[in-house]
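J.:
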Amino acid sequence: MAQDYDSPRNKDEDEESLQELGKSSRTAESEMEDDDENAIAEDYELPGADLSNEDSSVTVIPMQGDEFICSECFLVKHRSQLDHMGPDGPVCRECAA
Numbered sequence: 001m002a003q004d005y006d007s008p009r010n011k012d013e014d015e016e017s018l019q020e021l022g023k024s025s026r027t028a029e030s031e032m033e034d035d036d037e038n039a040i041a042e043d044y045e046l047p048g049a050d051l052s053n054e055d056s057s058v059t060v061i062p063m064q065g066d067e068f069i070c071s072e073c074f075l076v077k078h079r080s081q082l083d084h085m086g087p088d089g090p091v092c093r094e095c096a097a
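Numbering (UniProt numbering), first residue to last: 1 to 97.
Here's what the structure looks like:
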């Protein structure tokens with residue numbers, strides 16, 4: 001059967017059905033969302049948190065022969081990153097740009 005999409009609709013029925021749908025979905029979904037958000041928040045650690053009781057281990061590797069310390073940013077870079085020798089020492093390409 002053909003549907004006439006240009007015919008006027010009854011707006012009252014549409015509004016009532018939308019309100020009923022909203023009421024039923026809010027109660028069940030909001031409780032589930034609150035539980036999920038609380039679970040996520042409990043597992044999340046804020047930056048700057050007290051980590052004094054945590055053990056951490058870092059392996060420090062000495063600077064290699066083909067590396068240098070940039071005199072501008074003080075990062076260890078590979079010799080392929082060397083741009084020029086400045087008055088204070090080597091300068092990397094990023095700092096020279």
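Cβ atoms here follow ideal geometry from the backbone N, Cα and C, with glycine treated the same way.
Among residues of its own chain, excluding the 5 on either side of methionine 63, which ones have a beta-carbon nearer than 7 angstroms to its beta-carbon?
T.: Excluding positions up to five away in sequence, the list reads Val76.
J.: So aspartate 66 packs on histidine 78, CB below 8 angstroms; how close in whole Å?
T.: Rounded, the Cβ-Cβ distance is 6 angstroms, consistent with contact.
J.: Are there 16 or more other CB atoms within 10 angstroms of the CB of valine 58, so buried, or fewer, so exposed?
T.: Exposed, by the Cβ-count rule.
J.: For aspartate 83, which of helix, strand or coil comes out of DSSP?
T.: Note: aspartate 83 maps to strand in three-state DSSP.
J.: Using the three-state DSSP reduction, which class does isoleucine 61 fall into: helix, strand or coil?
T.: Three-state result, isoleucine 61: coil.
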